[in-house]
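Report on the following structure.
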Amino acid sequence: MAETQLDPHTQELLEQYRSLLPVYSQMAEVIPEKLKGFFEEAGFIVAAVEHRVKTESSLAGKLKLKGSKYASIFDITDIIGLRVITFYGDDVDKVASVLERLFEIDWENSVDKRKAHETDSFGYLSLHYICRIPESAYTDPDHPELNKIRFEVQMRSVLQHAWANMNHDTGYKSGVEIPSIYVRSLSRLAGILELVDDEFSRIRRELADYRRNVQKLVASGNLGEVQLDGDSFRSYIAIGPFDRLNRRIASINQAEVQQVDLSAFLPLFKAIGFLTLGDIDSLIKNFSDAAYQIACFQLGLTDIDILSSSLAPQDLCTAYILKNGGGRIGLKMMLDTLNGPDEYNDAMAGFLVEQCKDLPFMNQ
Amino acid sequence: MEVIISKENKLVTAALVGRLDTPASQEIAPQIESLKADAAGTIVLDCSQLSYISSSGLRIFLSLRKAAAEKGGKVIVRNISNEIRSVFMMTGFLNLFEIQ
Chain A
52 MAETQLDPHT
62 QELLEQYRSL
72 LPVYSQMAEV
82 IPEKLKGFFE
92 EAGFIVAAVE
102 HRVKTESSLA
112 GKLKLKGSKY
122 ASIFDITDII
132 GLRVITFYGD
142 DVDKVASVLE
152 RLFEIDWENS
162 VDKRKAHETD
172 SFGYLSLHYI
182 CRIPESAYTD
192 PDHPELNKIR
202 FEVQMRSVLQ
212 HAWANMNHDT
222 GYKSGVEIPS
232 IYVRSLSRLA
242 GILELVDDEF
252 SRIRRELADY
262 RRNVQKLVAS
272 GNLGEVQLDG
282 DSFRSYIAIG
292 PFDRLNRRIA
302 SINQAEVQQV
312 DLSAFLPLFK
322 AIGFLTLGDI
332 DSLIKNFSDA
342 AYQIACFQLG
352 LTDIDILSSS
362 LAPQDLCTAY
372 ILKNGGGRIG
382 LKMMLDTLNG
392 PDEYNDAMAG
402 FLVEQCKDLP
412 FMNQ
Chain B
220 MEVIISKENK
230 LVTAALVGRL
240 DTPASQEIAP
250 QIESLKADAA
260 GTIVLDCSQL
270 SYISSSGLRI
280 FLSLRKAAAE
290 KGGKVIVRNI
300 SNEIRSVFMM
310 TGFLNLFEIQ
């Protein structure tokens with residue numbers, strides 16, 4: 052746009068813009084990084100934090116239309132634009148609360164577009180805050196304008212973001228008003244995505260409730276009520292159910308026990324038919340002596356003084372399978388499940404059967 | 220005790236030859252430490268000529284596994300004899316490594 056076409060007031064505003072451009076650019080780089088740090092501290096993950104500084108031509112276009120509205124460049128609130136995209140719709144309010152703590156919010160110019168719709172219409176959902184860096188948070192004597200510049204932060208979920216982008220691309224890019232049938236289709240999509248957003252949030256909420264409930268049941272010892280799955284098994288392992296047996300086995304040779312991840316035992320427990328954490332608890336109660344006998348037989352005549360924490364559940368399963376008639380085939384299945392199929396697993400299973408056949412637990 | 224190291228792209232193979240007892244573990248410690256520099260890739264411990272492993276040897280295997288886990292790599296134990304396999308089983312080490 053040729054500057055000669057612009058009135059003197061607009062030219063003055065553009066001049067102010069040019070002199071402030073380095074500050075705008077720096078703010079647009081620094082603020083998103085600070086925000087990411089705060090989100091991390093607050094313990095939640097956002098999909099993206101985007102930023103842009105309005106280009107001179109875009110600003111000139113805006114000023115040409117409504118330049119008289121602005122007395123100075125500081126009255127324009129969207130020269131710096133940030134966008135925080137969350138995974139879940141209900142995280143938008145969490146992002147907003149972080150912004151409220153960090154910045155001075157210009158409530159008069161901030162807008163919650165999520166509330167802008169009638170109850171029976173669907174469309175653009177986003178929360179827009181106009182912010183300013185408060186002097187109490189940061190000042191720079193060389194750049195007092197830092198605390199005068201307002202910037203816009205748009206907050207929305209990935210689905211809201213996808214809809215807004217597609218709507219913009221399909222509905223406005225051509226510059227021609229689109230037929231009402233397509234407007235209706237886009238509104239219908241907005242409704243579906245709003246529903247999906249709510250569903251994701253509901254699933255997350257209910258999973259969190261489920262996990263809390265499992266942890267409560269594990270802590271209270273009501274293990275028979277807890278279905279065996281990845282979440283419940285993780286909570287159960289966290290209370291160290293095999294530690295006592297591992298310590299007992301380690302005492303055979305005064306060995307050290309290396310703590311390792313025991314998640315490989317979940318498929319094994321399922322394969323041998325366990326349905327609840329109560330089943331594993333019963334295994335520990337009823338088979339610890341047998342597992343200890345196996346360990347004593349194997350380690351007693353050695354000087355091995357390092358063990359893995361997977362030894363207790365491994366020996367418990369060995370004892371359980373043998374005592375329940377699983378024999379060599381059952382032990383091969385155990386080794387296949389724990390270590391992956393291997394041509395030597397059958398021979399190792401046979402070796403284990405031989406080792407255990409005369410141990411007291413097999414004859415009780 | 221001898222360690223023969225060969226490298227090919229991101230795959231490092233260390234052939235362990237002899238008895239890996241306590242003195243041998245100390246002897247090969249520098250070579251094992253040098254292997255950790257490649258722990259972001261795959262380290263293969265070829266045990267076809269390893270005749271014995273003590274607790275010190277197991278610790279060496281474990282230290283390599285830790286280094287690999289920290290760097291996103293993995294340790295493969297290859298060609299172990301039945302005797303060493305049974306040591307791995309009775310210590311709970313069998314499911315800590317990919318055994319080929």
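Chains as they are written, first to last, in the numbering used here: chain A, 52 to 415; chain B, 220 to 319.
All residues carry an ideal CB built from backbone N, CA and C; glycine is no exception.
Does DSSP put Q205/A in a helix, a strand or coil?
-> strand
Does the separation of the CB atoms of N314/B and S361/A fall below 7 Å?
-> yes
If you measure beta-carbon to beta-carbon, which residues of the region 299 to 320 of chain A are closer than 7 Å to chain B?
-> Of all residues in the region 299 to 320 of chain A, only Q309, V311 and A315 come within less than 7 Å of chain B when Cβ atoms are compared, listed by chain position.
Contact between the region 245 to 257 of chain A and the region 286 to 301 of chain A: three or more CB pairs below 8 Å?
-> no
Taking S187/A as the reference, give the member of P195/A, K374/A and Y139/A with the closest Cα.
-> P195/A
I think F154/A touches P185/A, with their Cβ atoms under 8 Å apart; what is that distance to the nearest whole Å?
-> 7 Å
From F202/A to F90/A, what does the alpha carbon distance come to, in whole angstroms?
-> 19 Å
Return the chain-ordered ranges of every alpha helix (DSSP H) run that is complete within the region 376 to 403 of chain A and spans a minimum of 4 residues.
-> 378 to 390
Whole-angstrom distance between D409/A and E227/B, CA atom to CA atom = Roughly 49 Å separates the two Cα atoms.
Does the separation of the CB atoms of M385/A and C368/A fall below 7 Å?
-> yes
Does the beta-carbon distance from L382/A to A400/A come in below 7 Å?
-> yes
For S225/B, count neighbouring Cβ atoms within 10 angstroms of its own Cβ and tell me buried if that reaches 16, exposed if not.
-> The residue in question, S225/B, is exposed, as its Cβ has fewer than 16 Cβ neighbours within 10 Å.
Can you give me the Cβ contacts of F338/A inside the same chain, cut-off strictly under 6 Å, excluding the 5 residues immediately before and after it?
-> L367, A370 and Y371
Consider the Cβ of N298/B: report whether some Cβ of chain A lies at a distance smaller than 7 Å.
-> no
Local conformation of V311/A per DSSP, three classes | DSSP, reduced to helix, strand and coil, places V311/A outside both helices and strands of the structure shown, so it counts as coil.
Distance, A98/A Cα to K267/A Cα | 31 Å
Using a Cβ-Cβ cut-off of 7 Å, state whether G311/B counts as contacting chain A.
-> yes
With DSSP collapsed to three states, give me the class of K105/A.
-> K105/A: coil per DSSP, three-state reduction.
Determine the burial state of I232/A: buried for a count of at least 16 other Cβ atoms within 10 Å of its Cβ, exposed for fewer.
-> exposed
M220/B to L319/A span [Cα, whole Å] | Approximately 38 Å, taken between the alpha carbons.
Between G324/A and D330/A, what straight-line distance do the alpha-carbon atoms span, to the nearest angstrom?
-> 9 Å
With contact counted as at least three CB pairs below 8 Å, one residue from each stretch, are the region 284 to 304 of chain B and the region 343 to 356 of chain A in contact?
-> no
Distance, S275/B Cα to I223/B Cα | One Cα belongs to I223/B, the other to S275/B, and the distance between them is close to 19 Å.
Those residues which DSSP pairs with E327/A across a bridge = The amino acid occupying residue 327/A in the given sequence is Thr; Glu does not appear at that position. Within the DSSP secondary-structure output, T327/A pairs in a beta bridge with Q278/A.
Pull out every residue of the region 134 to 145 of chain A whose Cβ sits closer than 7 Å to any Cβ of chain B, in chain order.
-> none
Which whole runs of the alpha helix (DSSP H) in the region 249 to 277 of chain B are 4 residues long or more, in chain order?
-> As far as the region 249 to 277 of chain B is concerned, it has no whole alpha helix (DSSP H) run of at least 4 residues.
Within the 7 Å Cβ cut-off, does R284/B reach chain A?
-> So, not an interface residue.
Return the chain-ordered list of same chain residues with a C-beta closer than 8 Å to the C-beta of G231/B, the five sequence neighbours on each side being excluded.
-> First, the residue type needs correcting, since residue 231/B is Val and not Gly in the sequence shown. Contacts found: I224, S225, L254, D257, G260, T261, I262 and V263.
Keeping to the same chain, check which residues put their C-beta closer than 6 Å to that of F215/B; ignore five residues upstream and five downstream.
-> Outside the displayed range of chain B (220 to 319) lies residue 215/B, so it cannot be described from this structure.
Can you list the residues of chain A that R304/B reaches, using a CB-CB cut of under 8 Å?
-> Y395 and M399
Mapping DSSP to helix, strand and coil, what is S225/B?
-> strand
To the nearest whole angstrom, what separates the beta carbons of M100/A and Y75/A, a pair I think is in contact under 8 Å?
-> In the sequence as presented, Met is not what sits at residue 100/A; that position holds Val. With 8 Å as the limit, V100/A and Y75/A do not qualify as a contact, their Cβ atoms being about 17 Å apart.
Should D240/B and S273/B be called a contact, given that it needs their Cβ atoms to be closer than 7 Å?
-> yes
Closest Cβ-Cβ distance between S359/A and chain B: below 7 Å?
-> yes
Do Y189/A and V204/A come within 7 Å of each other at the CB atom, strictly closer than that value?
-> no
Proximal chain B residues relative to I96/A, where beta-carbon distance stays under 8 Å | Ordered by position in chain B, no residue passes the 8 Å Cβ test against I96/A, which lies about 20 Å from the chain.
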